[in-house]
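For reference, the structure is listed below as structure tokens.
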Amino acid sequence: MFLLLLEDVMKTLKGFADPRLIRESEHADLSTTVAFKIAKEKNLKPEEVAKSILENIEPKGYVGTVETVGGYINFFANYDFLSDTVEEILSNSNYGGLNLKGKVLIEHTSANPDGPLHIGHVRNAVIGDTLARIFRKAGFDVTTHYYINDMGRQMAITVLGIEKFGLSNKKPDHAIAEAYISANKLLEEKKELEKEVENLMLEYERGSEEIVGKFRKAIEIAMDGIKETLKRLNVSHDEFLWESDFVRNGLVDSVLGELDAMKVIKKDGAWIVELKDLKEVVLRRENGTSLYITRDIAYHLWKSERFERLVNVWGADHKLYGEQLKRLLEILGIKVPEIVFFEFVSLPEGRMSTRRGRFISADELIEKVKEEVKKLVSNREISELEEIAEAVAIGAIRFDFLKVAPEKPMVFDMKKAIDFERQTASYIQYTHSRACSILRKSGEEGKFIAEFCNKVERDLVVLLSKMPFYVKRVVDELKPNIFAEYLLSVASKFNEFYRDYPVLKAEEGVREHRVAIVKAVRNVLRNGLELLGIKALERM
RNA sequence: GGGCCCGUGGCUUAGCCAGGACAAAGCGACGGCCUUCUAAGCCGUAGAUCGCGGGUUCAAAUCCCGCCGGGUCCGCCA
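Rendered as structure tokens:
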């Protein structure tokens, strides 16, 4: 709805409209600084320019009043806007959605199957999964991929570890990590095993049936555990693709063939492509085998033929690699992915490392947070307590990672992770259940009357109208944190309303009016939490 | 050494791309609010040379240049 208001503001401004200069404002529903810009160009005073613009325009559509303060031109929505917003929210169960079209592929998480997901992978997973949810809401036909790096050295080491040490009966991904960590230690002591690792990689790429079987088995065991964790985190992937498939299906060879035909490859034993201002890239080893980037180009070729928009969620350590990949794709004339880079999650003692066994697993984090939540919940039957604790714990974890802009480095602090601040998922969940509680007790249909709105109610409704606007912003900017923050602001405004304006005890007429508002808030919070992959509890 | 990212009250962050209205929140501190719809809530007070130094501009947290601190990348690894 807010998007419609924005359009009407543009229409109102006519020739003065500049979408980049129209912003949300604390002083109005929308505000523009276009007068400052014109004043500068024509060497006039902003206030005067604003006033003369005001004299030349007529409010259109949802725009009620227009005013100027200093050089600003402020727009306020009319009653119809408020009524239509509430009407739309109450009648459209998909409220918040848009009608954007197109096939989008989002690749995320893609952790190496050499151990369990750790908290860094969780950051990747919740960013990727939330983007996928929001893209779907925006109307796109979304497919999510987990790209399994099965051809790496770390997989060969894992296979070696299983051979030498077997697997314990821990959760499968944790058992795999033990084998991987032990093998790494062994490898440090016995350098001669290095040959074995190399050989495993070589045989795997060549497709030796025995070795392929061993790799597949190890990876499937690890992935079983990883999938279990992802499921708990409400993270889903539509497809799991194996890196090696792109060697086996011939796409790697055809990519190399194409580049060769384009005469961009320097053959110096190995096959190398030189890139302007970037480090050169080796695409084929001297021994004839492919490299990670070669397979990745093939994977992107495959994706680009099937999807209109490609989004990858990658750790910031892949930035240079991402530039190289994009450049090579450009040379080949293949669609270039949009890459969301997120900075590292480190521990107070430094960087995490699966190889050294220095990490906090997602499973451990979930359990610790859940335990802490259980302390807060009282007087419940066991089954309900479990449900609430799980939902609140997962919500807290997802939100913690989601609310910070991807480019910010994070230092993980368990104390903070288990501390439920006001700015967290549980605050929104709690607010949602408060709204549910009122609706449960009221049982009334509700009837919104725009003219009845006080300041807080009006602000609240305008805020509710912004949900599609924020969905659009996330789709445009690929920053899920702005939606998290939006939902928080809705919850906060509702709590203000909750304190000051009783619903059930209000006089007739006002009561129905407020019930409608509560219902609208409940719907927005419910739909919004869904977009963040957080369960909207009706009771807490 | 070079590239990229981060640096905002004691702590965690939003705002920076598209410069403008008193720098916005949470935690922590202090002081209040539960015979009234769930206090996992709400209100108030104190607390910021927006890393530092220049520059551009009527106007800079935001743009430009130079520093400083932290992270990260610079494999015929993935």
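Take any residue in the first sequence, note its place counting from 1, add 1, and you have its number in our numbering. From the three backbone atoms N, C-alpha and C, an ideal C-beta is built for every residue, glycine too.
Inter-residue distance for I149 and L242 is about 6 angstroms (C-alpha atoms, whole angstroms). In this structure, W303 is the residue among W303, K404, F247 with its C-alpha nearest to the C-alpha of V337. DSSP, reduced to helix, strand and coil, places Y96 outside both helices and strands of the structure shown, so it counts as coil. When the beta-carbon positions are compared, A36 and G72 come within less than 7 angstroms of each other. Within the segment 195 to 236, the runs of alpha helix (DSSP H) that reach at least 4 residues and sit entirely inside it are, in chain order, 195 to 207, 210 to 233. For I273, the secondary structure class from DSSP, reduced to helix, strand or coil, is strand.
DSSP lists H146, N313 as the bridge partner or partners of E108. Short of 7 angstroms from the beta carbon of G258, and not among the five residues preceding or following it, lies no beta carbon of its own chain. The Cβ atoms of A51 and T69 lie closer than 7 angstroms to each other.
Here T425 is not near A451, since their CB atoms are 7 angstroms or more apart. CA-CA distance, R137 to I340, rounds to 18 angstroms. Here the segment 244 to 261 lies against the segment 269 to 285, with 3 or more beta-carbon pairs under 8 angstroms apart. By the Cβ rule, the segment 187 to 207 does not count as touching the segment 126 to 134, because fewer than three pairs are nearer than 8 angstroms.
Within 10 angstroms of the beta-carbon of L377 lie fewer than 16 other beta-carbons, which makes it exposed.
Under DSSP, the beta-bridge partners assigned to K268 are W272. Between the segment 347 to 361 and the segment 161 to 181, the count of Cβ pairs shorter than 8 angstroms is three or higher; the stretches touch. Under a 10 Å Cβ-count criterion, H119 is classified as buried, with 16 or more other Cβ atoms of the shown protein chains found around its own Cβ. Within its own chain, the residues whose Cβ lies closer than 7 angstroms to the Cβ of V248, once the five positions on either side in sequence are excluded, are E206, S291, R296, listed in chain order.
Non-local beta-carbon contacts of G208 in its own chain, meaning distances under 6 angstroms to residues more than five positions away in sequence, are absent. Using a 10 angstroms sphere on the CB of Y293, the tally of other CB atoms stays under 16, which defines it as exposed. Taking C-beta atoms as the reference points, A139 and N75 fail to come closer than 7 angstroms. The shortest C-alpha to C-alpha distance from L465 to any of M415, D420, A436, V522 is the one to V522. No residue range can be given for S291, since it is assigned to no beta strand (DSSP E) and is classified by DSSP as neither H nor E. Ranked by Cα distance from G103, the first of N57, L7, R310, L45 is R310.
DSSP places T33 inside the beta strand (DSSP E), whose first and last residues are 31 to 33.
Sixteen is the threshold: when 16 or more other Cβ atoms of the shown chains lie within 10 Å of the Cβ of A517, as they do, the residue is buried. With contacts defined by Cβ atoms closer than 7 angstroms, F342 and K320 form a contacting pair. For M263, the three-state secondary structure derived from DSSP is coil. Looking at the DSSP output, H119 bridges to S362.
H433 has its alpha-carbon roughly 8 angstroms from the corresponding atom of A492.
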